[in-house]
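Colleague: I'd like to ask you about the structure that follows.
Chains as they are written, first to last, in the numbering used here: chain A, 1 to 146; chain B, 1001 to 1323.
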């Protein structure tokens, strides 16, 4: 199948290979992680069994560090059979224009999130502690370097 | 527009306090994220809109990939490859955004392959020669950009962020197309005719990309209210025409519309009647390439099975080795 006489056919295969390798990242399926809050909820088939069912690839979240000195930033998600494939796919899909020098991938099932429903109460303790901000304090104008 | 025929879903619970909060957030310009409460209608409409958009990107690779092996120069081949690669990436960002709403990508792909899902009408037209690649980049990607820029501000976070990324990449697509048109329009008389012929064939289908006229789109109001549609079909279509006519003038090509005329009063171009029968025909599956597109997608999916299986088997092998 790979051996072909005509170079045109070879280029067709090359074209298909490139498109397929991108499309295979789309071929799997996995339920999205449910968020957790104080209640810890996670749904992941990959936790219950380490065997990957045929054609079902886990979902991964992708983080990219664009330049030396910056943090990794979340850029999106993709499917991949394992971490190595997920990183390579992330490079192919999320770093085509030199957007990154480093890639992290995390299985979506391993990403825990605070629950937006609790957002008000969960973050409430911070709201009335304005003394944590430097602007709370009055600095006499004659005092330098404070 | 990539979701030309998406009708917003109705909500069941018209007056719940959650709905009131949600609508207040939308009105305040808040961004809704994946785990936020949202009405069922909002979720369903978004899934349909985003998945149709994703399917459009993937099917949209086909008319252009048709000319990769026959690009006139190595430089143009490499550029076209990069463009088609980008479309695959765009499909991925959009499937990813749809998955945040609780649907699996496999379900969406199954619907596409089963012929149950829609994609943009424009990709049911054939690419007959290299000039078509120029016309597509210039007009089709141009139309897409017109639609996608407002969507960067839509209310649903994952979709808006995908749009921002897509818009950054899409602008090279339009320039690539315009460059091809420029070279041909300034070439031999045979090349000029080819370029004009491509414009003749792609102009009206590109205008149809924006969807039916507002008068025939009674459900636009709901999508606008939820801020998942920020401008009406007619508004974006008019904007596209106003921006593109001077570009055609620059090329020295004639837009195939005898009624096209600058209107000093309104500050816009008046244009001729669009043949909506053709549009609805194509949407219903009777366009020039509908059957072929779906057949090619199904074949591609079947042909790619060995790659998916091999990757899965390899991953399992590495896993068992590492134990």
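The C-beta atom is built at its ideal place from N, Cα and C for all residues, glycine as well.
(1) Using a beta-carbon distance cut-off of less than 8 angstroms, what residues from the segment 1198-1230 of chain B approach chain A?
(2) Check residue 65 (chain A) in the structure and name its three-state DSSP category.
(3) Residue 1147 (chain B) lies in the alpha helix (DSSP H); which residues open and close that run?
(4) Of the residues B:1196, B:1225, B:1231, B:1227, which one's Cα is nearest the Cα of residue 1210 (chain B)?
(5) Name the two residues that bound the continuous beta strand (DSSP E) containing residue 1263 (chain B).
(6) If we call anything under 9 angstroms between Cβ atoms a contact, is residue 123 (chain A) one with residue 130 (chain A)?
(7) When you compare the CB positions of residue 1058 (chain B) and residue 1101 (chain B), do they come within less than 9 angstroms of one another, or not?
(8) Classify residue 1024 (chain B): buried if its beta carbon has 16 or more other beta carbons within 10 angstroms, exposed otherwise.
(9) What's the C-alpha gap between residue 1135 (chain B) and residue 112 (chain A)?
(10) Can you check whether the C-beta of residue 70 (chain A) is within less than 9 angstroms of a C-beta belonging to chain E?
(11) Rounded to the nearest angstrom, how far is the Cβ of residue 1288 (chain B) from that of residue 1124 (chain B), given a contact under 8 angstroms?
(12) Tell me the DSSP secondary structure of residue 120 (chain A) in three-state form.
(13) Taking C-alpha atoms, which residue in B:1321, B:1306, B:1297 lies nearest to residue 1055 (chain B)?
(14) What does the alpha-carbon distance come out to for the pair residue 75 (chain A) and residue 1242 (chain B)?
(15) Tell me the residue span of the beta strand (DSSP E) that contains residue 1269 (chain B).
(16) What does residue 93 (chain A) reach in chain B if we use C-beta pairs closer than 7 angstroms?
(17) If the cut is a Cβ gap below 9 angstroms, which residues of chain B does residue 115 (chain A) touch?
(18) Closer than 9 angstroms by beta-carbon distance: list the chain B residues that pair up with residue 76 (chain A), in chain order.
(19) Output, in chain order, the set of chain B residues within a Cβ distance shorter than 9 angstroms of residue 96 (chain A).
(20) Please state the DSSP three-state secondary structure of residue 1219 (chain B).
(21) Mind checking whether the beta-carbon of residue 1101 (chain B) lies closer than 8 angstroms to any heavy atom of the ligand HEM?
(22) Tell me the DSSP secondary structure of residue 1125 (chain B) in three-state form.
(23) Compare the C-beta of residue 147 (chain A) against all C-beta atoms of chain B and say whether one is closer than 9 angstroms.
(24) Nearest to residue 1333 (chain B) by CA position, among B:1121, B:1022, B:1104, B:1226, is which residue?
(25) Please go through the same chain and pick out, in chain order, the residues whose beta-carbon is closer than 7 angstroms to the beta-carbon of residue 1251 (chain B), but skip the five residues on each side of it.
(26) Which value, in whole angstroms, describes the spacing of the CA atoms of residue 1155 (chain B) and residue 1094 (chain B)?
(27) Using a Cβ cut-off of 9 angstroms (strictly closer), state whether residue 1042 (chain B) contacts chain A.
(28) Which stretch, first to last residue, makes up the beta strand (DSSP E) that contains residue 78 (chain A)?
(29) Please identify the residue among A:125, A:73, A:116 whose C-alpha is closest to the C-alpha of residue 105 (chain A).
(30) Could you spell out the range, first to last residue, of the beta strand (DSSP E) harbouring residue 105 (chain A)?
(31) Could you give the DSSP three-state label for residue 1032 (chain B): helix, strand or coil?
(32) When DSSP labels each residue in this structure, what does residue 59 (chain A) get in the three-state scheme?
(33) Output yes or no for whether 9 angstroms exceeds the beta carbon distance between residue 1253 (chain B) and residue 1196 (chain B).
(34) Give the interface partners of residue 1367 (chain B) over in chain A, defined as CB-CB distance under 8 angstroms, in chain order.
Modeller: By the coordinates alone:
(1) Closer than 8 angstroms at the C-beta level to chain A, one finds no residue of the segment 1198-1230 of chain B.
(2) If DSSP states are grouped into helix, strand and coil, residue 65 (chain A) belongs with the strands.
(3) Segment 1141-1151, the alpha helix (DSSP H) holding residue 1147 (chain B).
(4) For the residues B:1196, B:1225, B:1231, B:1227, the minimum Cα distance to residue 1210 (chain B) belongs to B:1231.
(5) Residue 1263 (chain B) -> beta strand (DSSP E) spans 1261-1263.
(6) Taking 9 angstroms as the Cβ cut-off, residue 123 (chain A) and residue 130 (chain A) do not qualify as a contacting pair.
(7) Cβ atoms of residue 1058 (chain B) and residue 1101 (chain B): not closer than 9 angstroms.
(8) Classification of residue 1024 (chain B): exposed, given that the 10 Å Cβ count is below 16.
(9) Going from the Cα of residue 1135 (chain B) to the Cα of residue 112 (chain A) covers about 46 angstroms.
(10) Of the chains in the structure shown, none is chain E; the protein chains are A and B.
(11) That pair is a contact at about 6 angstroms.
(12) When secondary structure is reduced to three states using DSSP, residue 120 (chain A) falls in the helix class.
(13) Comparing Cα-Cα distances from residue 1055 (chain B) to each of B:1321, B:1306, B:1297, the minimum goes to B:1297.
(14) In this structure, the straight-line span from the alpha carbon of residue 75 (chain A) to that of residue 1242 (chain B) is close to 34 angstroms.
(15) Judged by DSSP secondary structure, residue 1269 (chain B) falls within the beta strand (DSSP E) whose first and last residues are 1268-1270.
(16) The answer, in chain order, is 1089, 1092.
(17) Result: 1035.
(18) Correct list: 1092, 1093, 1096, 1097, 1158, 1161, 1162, 1165.
(19) Those within 9 angstroms of residue 96 (chain A) in chain B are 1082, 1085, 1086, 1089, 1169.
(20) Coil at residue 1219 (chain B), not helix or strand.
(21) Annotation note on the ligand HEM: not contained in the displayed structure, which lists no ligands.
(22) DSSP, reduced to helix, strand and coil, places residue 1125 (chain B) outside both helices and strands of the structure shown, so it counts as coil.
(23) This structure cannot settle anything about residue 147 (chain A), because the visible part of chain A is limited to 1 through 146.
(24) The question about residue 1333 (chain B) has no answer here: the residues shown for chain B are numbered 1001 through 1323.
(25) So the list reads 1181, 1182, 1185, once near-sequence residues are dropped.
(26) Spanning the alpha carbons of residue 1155 (chain B) and residue 1094 (chain B) requires a straight line of approximately 15 angstroms.
(27) Interface with chain A (9 angstroms Cβ-Cβ cutoff): residue 1042 (chain B) is excluded.
(28) Judged by DSSP secondary structure, residue 78 (chain A) falls within the beta strand (DSSP E) whose first and last residues are 72-79.
(29) Sorting A:125, A:73, A:116 by C-alpha distance to the C-alpha of residue 105 (chain A) places A:73 at the top.
(30) Here the beta strand (DSSP E) through residue 105 (chain A) covers 102-107.
(31) Of the three classes helix, strand and coil, the one that applies to residue 1032 (chain B) here is strand, per DSSP.
(32) If DSSP states are grouped into helix, strand and coil, residue 59 (chain A) belongs with the strands.
(33) Closer than 9 angstroms, so yes.
(34) Nothing about residue 1367 (chain B) can be reported from this structure: the residues present for chain B run from 1001 to 1323 only.
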